[in-house]
Each structure stands twice: as C-alpha cells, then as structure tokens.
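These notes concern the structure reproduced below.
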Amino acid sequence: MRIKRFICMLITVLMVLAIAPVASMAEGIGAAAHEKAMLKLLDNTWAELEAVEAQLLETRAGMSETVLAMYTAVLNNPNVDKGSIGDLRDEGFTFKVNGMCCSYNYRVRNTERPSAMTGELIATITETVGKIVNTKNGPTSMNVLLVGPYYGIQSTFTDQYRDEANSIAETTGGEMIELANSEATGPAIAAAYPDCGIVIYDSHGTAEGTSSYLCLTTNAGITSEDYSNGWAVSSGSAAYIDGRYIQHHVNGELPNTLVWMAICEGMKLSGRGTTGYALIEAGAGCVYGYSQSVSFSGDYEYEAHFWNNMKNNNMTVAEAFNAMTAALGNWDPAYSSSSGSAWPIVMSPDDPFPANPDSHQTVNCDWQLFGGNMEPVEIEDGYLDPNSIEVYNGFTETVSFTRIPDNANNYDLVWGSEDENIATVTGNKRRATVTGTGVGTTRIYCDIMVGEEAIARKYCSVETLYFPTLNDAANAPGNYLDFTCTTNSYPWSVTIIDGEPVVKSGNAGVNSSTSTLQLVIDMQAGETLSFRWKVSSESNYDKLGFYVNNTQQGNLISGNTSWATITYTAPTTRTYTFEWRYTKDVSVHTGDDCGYVDAVAYSGSVPPLMGDVDNNGSVDSADALLVLRYAMGIATLTPNQLIVADVNGDGVVNSSDALAILRGVLVSK
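Every number in this note's numbering is 12 more than the matching position in the sequence shown, counting from 1.
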C-alpha cells in the first residue's frame with residue numbers, strides 16, 4: 013500500500029513538473045503575442061495618420077494647416093485613447109494609443125531645425141528628480157559615441173560633429189563610435205553608453221509632457237512598455253527617447269560620461285530636467301543642452317569654442333562654459349539680438365536643473381576631459397595603417413597609428429615628413445592628416461616618444477598626384493573629349509567618390525537654379541556616346557536630365573540613385589550638343605543636392621591635344637613642368653598623360669618632350 017501511495021505521489025510530482033514548463037512557455041507566448049498586438053495597433057494607427065499627412069504634404073500645406081488637420085485626424089481615430097490628446101501647440105501635440113505615448117511634431121518630421129523659439133514660462137520647478145551622486149573629475153573611458161539619426165537623410169546635418177567627435181577621440185587616444193541613420197536605434201545607443209566617456213547627440217530634439225527627448229529616425233527595438241512608461245514616444249516609423257530610456261536599458265554604470273546634446277529643447281523648462289537627472293543617476297558626470305530650439309550655426313559656434321578649450325587647454329566644464337558664453341554670448345549666437353532664443357544649460361551633480369533655464373546659468377561642474385583616473389599603460393610598439401597612401405595635390409588623407417598593446421596610453425607621437433614640398437603631416441597620439449603639397453613621392457613618419465626618448469620611428473609612403481581637371485574626371489579612359497560649363501554661376505566641378513574622380517553639378521542649395529555641363533562633338537550616324545550618372549536630391553522636385561540638341565532624352569532622375577549607364581546612338585551624321593542639367597525647384601535641399609556624371613565615352617575618334625598633359629584644353633609651361641618632373645622621377649603620369657606627353661613621338665617621355673612643349677609655348681606667344 014505504501015509503495016502504491018509513493019508511486020501515486022511520484023506520478024503527481026512528475027505531472028506537475030511536466031506541466032510547469034508548459035505553463036511558463038504559454039505565459040511567454042502570451043506576452044509575446046500581446047507585445048506584437050500592441051505594436052501592430054500602434055503601426056496601424058500611424059499608417060492611417062501618415063496617409064493623411066502625405067496628402068497634405070503633396071499639396072505643400074504649411075505647418076499650421078497640417079498640424080490642425082492632423083489634430084482633427086487624431087480626434088477622429090478610434091484607436092486613440094479618449095481624453096489623452098494634449099494641448100495643441102504651433103508645431104504639434106501629444107496623444108496615446110492604448111496607453112502608449114505618441115507625438116505628432118511637424119517641426120521634427122518635416123522641417124530642418126528651426127532657428128529659435130520663444131520659451132514657455134510655466135511654474136518654477138524646484139523638485140529634484142532622482143538622486144545626486146558624488147562627482148568625479150573626468151571620464152573613466154576615453155571613447156566617444158556620436159549619435160546621428162539624420163545623417164544621410166537631411167543635408168543640414170553636416171560633418172561638423174563627425175569631425176569634432178574624431179578630434180576628441182584623437183586627443184584622448186580613444187575610439188570614435190558612430191551610430192548613424194537607422195543604426196541609431198534605442199537599444200544600440202543604450203548598449204554603447206557604458207563604453208564611452210563622451211556622448212554626442214547630433215539630431216532633432218523635442219520636449220513632450222514633462223521630459224525632453226532625442227529624436228530617432230527608427231522605432232526598431234522600442235517596446236510597448238517603453239511607450240507606456242513615457243521613456244519613449246511613438247512618431248510613426250520613428251521614435252523619441254529620453255534619459256530614462258537610457259537609465260532603464262543601460263547595462264552597467266556610465267563611466268562618468270559627458271553627454272553633449274546638440275538637439276532642440278533638451279533643457280526646456282517644461283521638460284523639468286528629467287533627461288538630465290536620469291542620465292546623472294545612471295552615472296553621467298555632466299549633461300549639456302539647450303532651453304529652446306537652437307540654430308545649427310549657433311550650436312556649431314558654441315561647440316567649436318567649448319571643445320577647443322576642453323581639448324587644448326584642459327579646462328573644466330565650468331571654465332569652458334564661462335569662456336564660451338563670454339566670447340559668444342549667453343544665448344544662441346545666430347540670434348544675438350533676441351534673448352528669447354536658446355540658452356546653453358549644464359546639469360551635473362553640482363548643477364541641478366535651473367528654475368529658469370531661459371537665463372544665464374552659473375556653472376560649477378569641474379569635469380575635465382583628462383580628469384579621470386586612468387592608470388598608465390606602457391607602449392611596446394606600434395605601426396601606421398595604411399603604410400602607403402595616394403593623395404591628390406591640395407587634398408588630405410588620414411593615417412592611423414595602431415598601438416601595442418591597444419590600451420597603451422603612456423606615450424606620445426612626433427610626426428614629420430621627409431619632403432614637405434610633396435606632403436606635410438599633422439597628428440596626435442592616434443591619427444594624422446597628410447596633405448599633398450606637390451606632385452611626387454616621399455615618406456611621412458612618426459617617432460614613438462616615451463618621455464624624452466624616441467623608442468621607434470614608423471613610416472608611411474606617400475604619392476601625391478595632381479588633381480584631375482574637369483576633362484580628366486568626365487572622360488572615360490582613352491577619351492579626350494572637351495567639356496564646358498554653360499554658365500559661370502554654377503559650374504560643374506571635380507569630386508572624388510570611392511577613390512575615383514567624377515564631376516558634379518554646382519548649384520547645391522540654390523533655389524530655382526540650373527547647373528549645366530556641355531559637350532559638343534561631330535558624330536557619324538551609328539556612333540555612340542555613353543556615360544554613367546546618378547543623383548542625390550529631393551525626390552520628385554530636384555532632378556538631373558540628359559539632353560541632346562536641347563531635347564530631353566529619357567526620364568529625369570531624382571532622389572538617391574545608384575550609378576547607371578546610358579548610351580546614345582547618333583541617328584544621322586551631324587554636330588551634336590550634349591548637356592547634363594541639374595535643376596532645382598523653389599525650396600528644400602536633400603541629400604548631396606547635386607547630380608554626378610562619369611566615364612563619358614565616344615565610340616568614334618577625337619585625337620588628343622598633344623602636349624596638354626594636365627588636360628585643361630591648352631598647352632602651356634605647366635605641362636612642360638609636369639613632363640620635366642616625370643623625367644626627373646619625382647612625379648607620375650597616367651596612361652593618357654603619357655600619350656599626350658610624348659610630343660616627339662619616340663615612345664619615351666623625357667626632358668626632350670618637356671623642352672619641345674616649352675618651345676612650342678614660346679613660339680605661339
């Protein structure tokens with residue numbers, strides 16, 4: 013009997029154990045299904061709203077008309093929680109979908125960063141959110157995180173902060189980590205925070221409810237819980253996150269990070285410093301932002317002045333802030349006559365959110381770029397990467413120094429060039445900029461210094477090439493076509509893409525303008541002209557076209573296209589005028605805002621102009637000098653150049669050809 017009872021009990025226990033995982037799995041499946049349903053509801057709601065917005069933008073409705081129409085659409089949408097719609101502001105409003113925070117903000121969604129906005133003077137807020145921790149003097153990580161959600165989407169976001177982030181990393185010896193465009197997701201940003209002592213937001217920003225948010229261009233990884241807690245706000249396929257999102261998703265304490273928020277409204281009064289307090293509680297040592305919408309130019313002025321002092325003069329944040337405002341003013345320098353513009357604000361363990369952020373702040377933060385407790389690590393060796401480069405005359409290339417071990421910090425580098433008439437070099441502990449100064453070859457080097465002793469010298473070979481002319485860049489190899497620009501106002505120019513010269517239009521940023529590249533040649537019936545082209549522009553409005561004898565050929569192209577090859581066949585024997593026109597409408601500049609053309613090839617024969625080595629359409633003393641430098645072994649020539657340089661036709665390019673070119677120039681005069 014006892015055995016039977018024991019067996020029954022054992023069976024019961026086994027059944028419970030067998031059922032338990034199933035129940036747990038069922039709960040997990042149920043939670044996943046709930047999350048999917050919540051986000052699906054959110055996506056469906058925004059799909060309906062964005063369809064309304066698209067119709068409005070198609071008619072080029074203004075901000076006021078669009079915001080009012082969207083407000084009405086939200087009021088009538090059955091998925092929107094009743095009573096959740098916030099006050100209607102000039103630029104938008106907030107609402108909730110099944111408890112998930114949402115925002116419609118016309119400024120963020122459809123326009124570039126505004127110049128300035130008048131501050132909201134609501135009741136003074138003195139309550140401190142979160143705990144204040146003891147300050148350290150500087151970061152315990154020298155890495156720099158750059159968050160650029162709009163890079164490659166809005167052309168007003170330039171390389172300014174990319175250059176600054178690289179410069180800071182070069183100064184500290186750390187690494188620069190960039191999260192751009194769709195890579196700038198909430199989870200990716202939170203994951204990168206613990207490894208970075210400096211974090212830069214280069215984006216749009218907005219104050220919603222009682223917090224300030226960083227605007228992202230993707231909602232990837234954001235959960236319904238994030239939306240419900242207000243750490244994130246839905247904006248259709250995009251999302252906004254605040255400091256609480258980082259605080260709740262970061263894995264570990266921040267390394268006494270300085271967070272530089274180059275965004276609008278990061279320190280707006282209505283935001284109550286919620287983002288700053290959350291970041292400080294997570295381990296940040298300092299948070300910088302603006303009380304209102306800041307202009308790009310004003311922010312850039314502040315950034316350059318502040319970080320120059322932090323990098324080169326090892327100032328504290330308080331010292332750099334005071335020097336910055338003393339030199340540039342207490343509010344946005346772009347609007348120096350309007351104190352209603354954006355004011356720079358600092359939060360730190362010694363600087364709580366001010367009662368009125370739209371006023372001058374006395375900053376106490378003693379955070380320094382080199383104030384952290386970094387143990388010295390001796391260097392054993394290192395090398396330059398790459399160890400050989402080509403650079404165009406007048407242009408630059410970057411060479412990196414790889415240290416061994418990779419965390420070495422107790423060293424310095426002294427850079428030099430064996431021939432500064434060919435290349436110069438400037439650098440720091442991690443990278444150097446090499447500038448081509450004259451056609452030829454040389455070596456740049458760095459001495460690894462430990463104290464006053466140079467323990468090793470590392471080299472990189474440099475070949476400086478002459479910069480291509482318009483004809484060089486536009487022609488396919490073996491072609492000698494002569495291109496012109498029909499107007500001096502917006503001429504086409506040479507640029508480098510993937511290491512190769514191409515030509516691009518010259519009217520970027522100029523409303524209601526056209527930039528034209530022209531080619532005139534005599535063709536026989538059946539001969540062809542081919543080329544590659546692409547465009548980076550405002551889709552459907554700014555377009556690149558190809559014309560033959562003033563007649564458009566095929567479709568105009570716009571948006572962001574890849575390289576495509578076009579071939580035209582001459583129907584009759586005659587003179588043909590080919591034109592590539594990049595035409596802009598009355599507003600908006602997107603992408604590179606230009607058209608590109610490359611590899612123009614004519615199937616017939618156009619003989620080269622012998623002696624025109626630099627391919628600028630004329631033979632002069634500059635061509636003779638190029639040939640002479642080649643003959644002396646201090647310059648290189650391309651295959652096309654070697655053909656036109658051999659003016660005496662003996663199959664060898666030497667000083668005799670240089671002399672022949674020079675004689676021809678003197679005779680022609």
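Backbone N, C-alpha and C fix where the C-beta goes; we use that ideal spot for every residue, glycine too.
Check                                                                                                                                                                                              : Outcome
Keeping to the same chain, check which residues put their C-beta closer than 6 Å to that of K441; ignore five residues upstream and five downstream.                                               : G185, L425
According to the neighbour-count rule (16 or more other Cβ atoms, all chains shown, within 10 Å of its Cβ), is R415 buried or exposed?                                                             : buried
Nearest by alpha-carbon distance to V656: which of D632, G623, E390, G629 is it?                                                                                                                   : G623
With a threshold of 6 Å on Cβ separation, who are the neighbours of D604 within its own chain once the five nearest residues in sequence on each side are excluded?                                : S548
Is the separation between the beta-carbon of T648 and that of E432 shorter than 9 Å?                                                                                                               : no
Identify the residues that DSSP records as bridge partners of V271: which are they?                                                                                                                : V211, V299
Which one of V64, E70, S76, R101 has the shortest CA to CA distance from A85?                                                                                                                      : V64
Roughly how many angstroms separate the alpha carbons of V262 and A203, rounded to a whole number?                                                                                                 : 6 Å
Spell out a yes or no on whether the stretch 239-257 and the stretch 180-194 are touching, meaning 3 or more CB-CB pairs, one atom from each, closer than 8 Å.                                     : no
So M359 is in the beta strand (DSSP E); what residue range does that whole segment cover?                                                                                                          : 356-359
Taking the C-alpha atoms as reference points, what is the distance between I391 and I456?                                                                                                          : 21 Å
Just confirm the distance between the C-beta atoms of G209 and N268, as a whole number of angstroms; I'd bet it's less than 8 Å.                                                                   : 7 Å
Going by Cα to Cα distance, which pick from D658, G95, R119, T170 is closest to C113?                                                                                                              : G95
Could you pull out every residue in the same chain whose Cβ sits closer than 8 Å to the Cβ of N321, ignoring the five residues on either side in sequence?                                         : M327, E331, A332, A335, M336
Near G518, what residues of its chain come up, given a Cβ to Cβ distance below 7 Å and the 5 sequence neighbours on each side ignored?                                                             : Y502, P503, W504, S505, S527
Taking just the CA atoms, how far does P364 sit from S224?                                                                                                                                         : 16 Å
I need the boundaries of the alpha helix (DSSP H) containing I180, first residue and last residue.                                                                                                 : 172-184
Where does W379 fall in DSSP's three states?                                                                                                                                                       : coil
Using DSSP's beta-bridge definition, name the partner residues of C276.                                                                                                                            : Beta-bridge pairing links C276 to no other residue.
Could you tell me which of P151, V358, W379, S167 sits nearest to A520, measuring between CA atoms?                                                                                                : S167
Could you spell out where the beta strand (DSSP E) holding F590 opens and where it closes?                                                                                                         : 586-595
Considering only C-alpha positions, which residue in the set Y614, S617, A420, V665 is nearest to V639?                                                                                            : V665
Which same chain residues end up closer than 8 Å to S194 when comparing Cβ atoms and leaving out the 5 residues on each side of it in sequence?                                                    : T229, T230, A232
Going straight from the alpha carbon of T650 to that of S667, what length do you get?                                                                                                              : 17 Å
By DSSP, does W575 sit in helix, in strand, or in coil?                                                                                                                                            : coil
Taking N483 as part of the alpha helix (DSSP H), name the residues at either end of that continuous run.                                                                                           : 482-486
Roughly how many angstroms lie between the CA atoms of A468 and T447, to the nearest whole one?                                                                                                    : 23 Å
Name the DSSP bridge partner or partners of W545?                                                                                                                                                  : A576, V609
P513 lies in the beta strand (DSSP E); which residues open and close that run?                                                                                                                     : 512-516
Let me check you understand the geometry: is the CB of A181 closer than 8 Å to at least one non-hydrogen atom of the ligand MG?                                                                    : Absence of the ligand MG is noted for the structure shown, with no ligands found whatsoever.
Identify which residue in G111, V515, S76 has its Cα closest to the Cα of G104.                                                                                                                    : S76
What residues in its chain sit with their C-beta under 6 Å from that of G255, if we drop five residues either side in the sequence?                                                                : T287, A290, L291
Please state the DSSP three-state secondary structure of D635.                                                                                                                                     : helix
Could you tell me which uninterrupted alpha helix (DSSP H) segments, each at least 4 residues in length, are contained entirely in the stretch 242-271, listed from first to last along the chain? : 255-261
Output the boundary residues of the beta strand (DSSP E) element that contains T328.                                                                                                               : Taken as a continuous stretch (DSSP letters only), T328 belongs to no beta strand (DSSP E), as it is neither H nor E.
From C458 to W427, what distance separates their C-alpha atoms?                                                                                                                                    : 4 Å
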